[in-house]
């Protein structure tokens with residue numbers, strides 16, 4: 001397949017030739033009017049997806065058909081790789097969720113290619129109100145390697161990221177074992193001290209999960225786990241830019257502190273893409289989705305229940321609010337996540353790179369997806 005468009009980074013017309021497996025040719029498109037071309041960019045990569053458009057990986061059982069629908073909905077948003085996120089729950093239900101995802105990957109090659117791995121968010125997190133967020137306190141527990149191995153067996157090795165709090169005794173050893181088995185460790189939903197965070201980073205923790213969220217509403221102005229993580233050169237920062245999880249000023253500061261080590265996640269839930277209203281949630285009770293797009297626990301309006309916006313909407317928030325130029329915002333949701341996962345700088349349109357691309361146009365409301373190409377095949381086209 002050959003496609004011609006505007007390189008999203010340089011603004012130059014470019015012609016790409018790729019096979020099902022990789023990009024095999026890249027050249028300057030001569031004699032082509034730029035005004036008539038769409039932009040071409042690498043596909044978006046979302047490391048934290050709880051669900052989408054009525055389906056949630058933690059509302060069980062979830063079928064292969066439903067997971068395929070989540071995948072197709074994400075293609076519409078320009079997401080070519082994503083990580084289903086399984087959150088704090090009972091041993092049995094975590095195991096069931098993992099098996100459902102594995103089964104869906106067996107049923108569909110395209111789903112299997114689109115799922116980069118599974119993100120296990122919990123249950124080894126803080127039990128305190130605030131840092132625990134909307135996770136069920138009943139199932140929060142200390143890190144247990146034997147239990148994790150059982151989950152990884154159920155997942156057939158697909159757990160690639162785990163979010164935990166290093167405040168628990170024995171956390172450093174658990175982190176070392178994860179890293180030894182090629183599982184990325186993220187710090188999140190934590191009340192860890194400065195020394196505990198430093199010990200976790202020394203053990204191999206490499207990411208902060210939705211930094212600035214999953215925390216107390218009030219804390220010491222200087223000595224707190226947000227500053228400690230932000231100050232750590234060994235940690236990447238993942239942030240949610242939906243307009244509700246972090247104020248614009250905080251987004252700007254986080255990005256400025258770690259411009260090369262900040263990436264976007266959506267933290268999208270099954271309520272993403274649904275109409276405003278009150279819904280029943282697996283995380284315990286009723287949640288409300290406001291007309292503005294804010295998702296929160298109905299009887300605790302100050303507690304968010306995840307996000308109801310896609311990764312693309314987060315990219316557009318950064319663009320429309322002039323927090324970042326379009327190319328940098330897109331990069332933070334596409335190349336940066338891959339750079340974190342594969343521990344190497346990603347160069348777009350390099351020969352041999354994966355054939356996951358998005359064609360889009362810029363409008364008054366930001367980026368609008370025209371086509372999504374996954375593994376060399378068009379999987380979405382705007383009608």
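Numbering (full-length UniProt numbering), first residue to last: 1 to 383. Glycine included, every Cβ here is placed at the ideal spot set by N, Cα and C. The structure displayed is predicted, hence computed values, not measured ones.
### Query
Helix or strand or just coil, what does DSSP make of residue 236?
Sequence index remark: in the chain shown, residue 236 carries index 236 (1-based). Note: residue 236 maps to strand in three-state DSSP.
### Task
Measure the CB-CB distance between residue 50 and residue 3 and report whether it falls below 8 Å.
As a working mapping, residue 50 is identified with position 50 in the chain shown. As a working mapping, residue 3 is identified with position 3 in the chain shown. It is not a contact, given that the beta carbons lie outside the stated cut-off.
#### Entry: Pair within 8 Å by beta-carbon distance, residue 295 and residue 257
Taking the first residue of the chain shown as position 1, residue 295 is located at position 295. Taking the first residue of the chain shown as position 1, residue 257 is located at position 257. Taking 8 Å as the Cβ cut-off, residue 295 and residue 257 do not qualify as a contacting pair.
### Runs of alpha helix (DSSP H) lying entirely within the stretch 280 to 343, each at least 4 residues, in chain order
Here the runs fully enclosed are 311 to 320, 326 to 332 and 335 to 342.
### Beta carbon proximity, residue 210 to chain B, threshold 8 Å
The chain labelled as chain B is not found in the depicted structure, where only one protein chain is given.
### Message
Please state the DSSP three-state secondary structure of residue 46.
### Response
Locating residue 46 in the chain shown gives position 46, counting from the first residue. In this structure, residue 46 counts as strand in the three-state DSSP scheme.
### Query
With respect to the beta strand (DSSP E) encompassing residue 185, which residues constitute its N-terminal and C-terminal limits?
One-based indexing of the chain shown puts residue 185 at position 185. Residue 185: member of the beta strand (DSSP E) spanning 184 to 187, first to last residue.
### Message
Does residue 136 come out as helix, strand or coil in the three-state DSSP assignment?
### Response
As a position in the chain shown, residue 136 is number 136, starting the count at 1. Residue 136 falls in the coil class under three-state DSSP.
### Message
So, at 8 Å on beta carbons, what are the nonlocal neighbours of residue 398 in its own chain, with the 5 sequence-adjacent residues on each side left out?
### Response
The chain is shown only over 1 to 383; residue 398 falls outside these bounds and no answer can be derived.
### Task
Since I believe residue 311 is in contact with residue 77 (beta carbons under 8 Å), could you give me their beta-carbon distance rounded to a whole number of angstroms?
In the chain shown, counting from the first residue as 1, residue 77 sits at position 77. In the chain shown, counting from the first residue as 1, residue 311 sits at position 311. Confirmed, about 7 Å.
### Beta-carbon contacts of residue 58 that lie in its chain and below 7 Å, excluding the five residues immediately before and after
Position 58 of the chain shown, counted from the first residue, corresponds to residue 58. In chain order, 50, 86, 87, 89, 97 and 282 place their CB closer than 7 Å to the CB of residue 58, counting only its own chain and leaving out the 5 sequence neighbours on each side.
### Residues near residue 373 in its chain [Cβ-Cβ closer than 6 Å; skip 5 each side]
By one-based count along the chain shown, residue 373 stands at place 373. Excluding its 5 nearest sequence neighbours in each direction, residue 373 has C-beta neighbours in its own chain below 6 Å: 357, listed in chain order.
### Message
Which residue wins for smallest C-alpha separation from residue 111, given the options 72, 233, 248 and 269?
### Response
Position 111 of the chain shown, counted from the start, is the residue given in the question as residue 111. It is 72.
### Other residues of its chain near residue 246: CB distance less than 8 Å, five sequence neighbours each side excluded
Position 246 of the chain shown, counted from the first residue, corresponds to residue 246. In the same chain as residue 246, and ignoring 5 residues on each side of it, the C-beta atoms closer than 8 Å to its own belong to 212, 213, 239, 240 and 254, in chain order.
### Query
Going by C-alpha distance, which of 269, 276, 359 and 368 is nearest residue 134?
As a position in the chain shown, residue 134 is number 134, starting the count at 1. In this structure, 269 is the residue among 269, 276, 359 and 368 with its C-alpha nearest to the C-alpha of residue 134.
### Query
Since residue 148 is in the alpha helix (DSSP H), which residue starts that stretch and which ends it?
In the chain shown, residue 148 corresponds to position 148, counting from 1. Looking at the DSSP string, the run of the alpha helix (DSSP H) that includes residue 148 is 145 to 154.
### Task
To the nearest angstrom, report how far apart residue 369 and residue 193 are at their CA atoms.
Counted from its first residue, the chain shown places residue 369 at position 369. Counted from its first residue, the chain shown places residue 193 at position 193. Each residue's alpha carbon lies about 43 Å from the other.
### Task
Identify which residue in 118, 116, 117 and 136 has its Cα closest to the Cα of residue 125.
Here the question's residue 125 lines up with position 125 in the chain shown. Considering only 118, 116, 117 and 136, the residue with the shortest C-alpha distance to residue 125 is 136.
### Query
When the Cα of residue 216 is compared with those of 207, 304, 298 and 185, which residue comes out closest?
The sequence position of residue 216 within the chain shown is 216, counting from 1. For residue 216, the closest alpha carbon among the candidates 207, 304, 298 and 185 is that of 304.
#### Entry: Of the listed residues 299, 362, 275 and 43, nearest to residue 292 (C-alpha basis)
Residue 292 sits at position 292 when you count from the first residue of the chain shown. The shortest C-alpha separation from residue 292 is found at 275.
### Query
Taking contact to mean at least 3 C-beta pairs separated by less than 8 Å, is the stretch 102 to 121 in contact with the stretch 154 to 173?
Enough Cβ pairs lie closer than 8 Å, so yes.
### Message
Quick test of your reading: residue 175 and residue 205, contact by CB under 8 Å. State the CB separation rounded to the nearest angstrom.
### Response
In the chain shown, counting from the first residue as 1, residue 175 sits at position 175. In the chain shown, counting from the first residue as 1, residue 205 sits at position 205. Between residue 175 and residue 205 the beta-carbon gap is near 5 Å, inside 8 Å, which marks them as a contact.
### Cβ-Cβ distance between residue 101 and residue 67 below 8 Å
Here residue 101 refers to the residue found at position 101 when the chain shown is read from its first residue. Here residue 67 refers to the residue found at position 67 when the chain shown is read from its first residue. When the beta-carbon positions are compared, residue 101 and residue 67 come within less than 8 Å of each other.
#### Entry: residue 327 versus 63, 362 and 299, residue with shortest Cα-Cα distance
As a working note, residue 327 is residue 327 in the chain shown. Residue 362 is the option with its Cα nearest to residue 327.
### Task
Output the distance between the C-alpha atoms of residue 144 and residue 313, rounded to the nearest integer angstrom.
Position 144 of the chain shown, counted from the start, is the residue given in the question as residue 144. Position 313 of the chain shown, counted from the start, is the residue given in the question as residue 313. Using only the alpha carbons, I get a separation of about 36 Å.
### Of the listed residues 207, 306 and 17, nearest to residue 449 (C-alpha basis)
Since the first residue of the chain shown is 1 and the last is 383, residue 449 is not available in this structure.
### Message
From the DSSP secondary-structure annotation, give me the bridge partner or partners of residue 56.
### Response
Mapped onto the chain shown, residue 56 falls at position 56. Under the DSSP definition of a beta bridge, residue 56 partners with 51.
### Supposed close pair residue 46, residue 79 - CB separation, criterion 8 Å
Here the question's residue 46 lines up with position 46 in the chain shown. Here the question's residue 79 lines up with position 79 in the chain shown. Yes, they are in contact, since the Cβ atoms of residue 46 and residue 79 sit about 5 Å apart, within 8 Å.
### Query
Which of the three DSSP states, helix, strand or coil, is assigned to residue 407?
Residue 407 cannot be examined here, being either before or after the span of the chain that is shown, 1 to 383.
### Message
Helix, strand or coil for residue 17? Go by DSSP, reduced to three states.
### Response
For this step, residue 17 is matched to residue 17 along the chain shown. Reduced to three states, the DSSP call for residue 17 is strand.
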